[in-house]
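Input: a single structure, listed below in structure tokens.
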Ligand SMILES: [Zn+2]
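Numbering (the numbering used here), first residue to last: 1426 to 1830.
Given below as structure tokens:
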């Protein structure tokens, strides 16, 4: 509840690192608290990344594992003046947020609230998001660190803590010093419901269609002018209406999605994002988009088209499948915490998907956060405690499976 009161909203329009200087305010608080726990190498760098190490206390040779979460909150909803509200012994009734009484949390809208009846939940006050995404992850990692530093009888290898800025604007991994981090495997704490374990993300490409028309003075254009804007419009109109789009797909189905149109009568470009869980599916989706566009171009023989695909990110499962024990150990830690594992796929990318391809295989663990990026964001205290328990069990699973040096 202290961390969410620090405004750490990131800004997609900024080119600075971090995108907003205020994110460092939380980074600095975290460093102070880590130092106070006796974690002596804790520091924040010029970009607002926090690095800290809990030293190994075992004779075994355990790979260095990293726990990571992000300090920034989403630009979608105000993060200024967050006033967290603790609702103790939640009774299952509607929760009217005090600063805007039109903001109401009900079990009809959020069925998961039912699981928290009798327990404490935290909400915002009605005018801002809560920032559980991802200060829940931050708080849980801090609590895990504090627990391990005060319980030397719990055996573990070297544990690296990493807090990143700018995850919400897709730049969370941009300035990570992988040499300094020097971890073998990682876990992001940035997931939702109790028991969720995410080891899969979309694979993602961007596709650009450039249409070249034929320009002429409009007064004397009969028979020559070919308007690129109109062809771009035809291509958009030719996209399937009942499938192949984000608004008509869920679960494991991919899509293409136009995100920007720009142009003049002479030349127009349409930018798309292309998504699928497999590389083959991704390629097939791009190919299908190209065919749709080519078919339109066929009707306009004097126009030309270019089709370009650029890579954005890849499904982390490709990396994790090469190191299956990273997910297996997490599952074992969930079981030791008496949790059922819900393996899930993320219809998007995470810092973990980028980290996995940067050499740090990195699935995503639950934090409890719900209804993120909105004024109705909330979290159950039970789930937060369980996330800490899972991490404490997880470091022991790694130790248990390791050999004497
Ligand atoms: Zn997040």
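Even glycine gets a Cβ: it sits at the ideal position worked out from N, Cα and C.
- In terms of Cβ geometry, residue 1663 and residue 1693 do not form a close pair [threshold 7 Å].
- For residue 1759, there is no enclosing beta strand (DSSP E); the residue is part of the alpha helix (DSSP H) that begins and ends at 1750-1761.
- Each residue's CA atom was taken as its position, placing residue 1811 and residue 1602 some 30 Å apart.
- Taking each of 1820, 1801 and 1829 in turn and checking the Cα distance to residue 1526, the smallest one comes out for 1801.
- As the crow flies, the alpha-carbon of residue 1751 is around 8 Å from that of residue 1788.
- Annotation for residue 1777: no beta strand (DSSP E) segment contains it, though the alpha helix (DSSP H) segment containing it runs 1776-1782.
- Straight across, the Cα-Cα distance linking residue 1696 with residue 1632 is about 6 Å.
- In this structure, ligand 1 has a non-hydrogen atom nearer than 6 Å to the beta-carbon of residue 1558.
- Looking at the backbone, the Cα of residue 1748 and that of residue 1742 are separated by about 10 Å.
- Out of 1433, 1794, 1799 and 1826, the CA that lies nearest to the CA of residue 1614 is found in 1794.
- Between the stretch 1584-1598 and the stretch 1714-1731 there are fewer than three inter-stretch CB-CB distances shorter than 8 Å, so the stretches are not counted as touching.
- Ligand 1 has no heavy atom closer than 6 Å to the beta-carbon of residue 1568.
- Partner residues in the beta bridge of residue 1628, as assigned by DSSP, are 1701.
- For residue 1501, the shortest C-beta to heavy atom distance toward ligand 1 is 6 Å or greater.
- DSSP, reduced to helix, strand and coil, places residue 1494 within a strand of the structure shown.
- Within the same chain, and ignoring the five residues on either side of residue 1822 in sequence, the residues whose Cβ sits closer than 6 Å to its Cβ are 1754, 1757 and 1758.
- By alpha-carbon distance to residue 1665, the top candidate from 1713, 1651, 1485 and 1577 is 1713.
- Cβ contact annotation for residue 1679 (same chain, cutoff 8 Å, sequence separation greater than five): 1627, 1699, 1700, 1701, 1702, 1706, 1707 and 1710, in chain order.
- In the three-state scheme derived from DSSP, where H, G and I count as helix and E and B as strand, residue 1657 is classed as helix.
- For residue 1731, there is no enclosing alpha helix (DSSP H); the enclosing beta strand (DSSP E) covers residues 1729-1738.
- Residue 1668 carries a coil assignment under DSSP once its states are collapsed to helix, strand and coil.
- Three or more pairs of CB atoms, one per stretch, sit closer than 8 Å, so the stretch 1501-1520 contacts the stretch 1552-1561.
- Its chain contains 1638, 1640, 1650, 1652, 1653 and 1654 as the residues whose beta carbon lies nearer than 8 Å to that of residue 1690, once the 5 sequence neighbours on both sides are disregarded; these appear in chain order.
- Taking the Cα positions, residue 1610 is about 11 Å away from residue 1493.
- Within its own chain, the residues whose Cβ lies closer than 7 Å to the Cβ of residue 1818, once the five positions on either side in sequence are excluded, are 1758, 1761 and 1762, listed in chain order.
- The stretch 1587-1606 makes contact with the stretch 1470-1487; the number of CB pairs closer than 8 Å reaches 3 or more.
- By the criterion of a C-beta distance shorter than 6 Å, residue 1487 is surrounded in its chain by 1582, 1823, 1824 and 1827, once the five residues flanking it on both sides are discounted.
- Relative to ligand 1, residue 1615 has its C-beta within less than 6 Å of a heavy atom.
- Residue pairing by DSSP places residue 1623 opposite 1769 and 1789 in a beta bridge.
- Taking 4 residues as the minimum length, the stretch 1508-1568 contains no alpha helix (DSSP H) run wholly inside it.
- For residue 1442, same chain residues with a beta-carbon under 6 Å away, outside a window of 5 residues either side, are 1472 and 1600 in chain order.
- Boundaries of the alpha helix (DSSP H) harbouring residue 1807: 1806-1825, taken from the DSSP string.
- Its chain contains 1696 as the residues whose beta carbon lies nearer than 7 Å to that of residue 1685, once the 5 sequence neighbours on both sides are disregarded; these appear in chain order.
- If you keep only unbroken beta strand (DSSP E) runs of at least 3 residues inside the stretch 1587-1616, you get 1610-1616.
- Here residue 1481 has 1582 and 1583 as same chain residues with Cβ atoms under 6 Å from its own Cβ, once five neighbours each way along the sequence are excluded.
- Collapsing the DSSP output to three states places residue 1476 in a strand.
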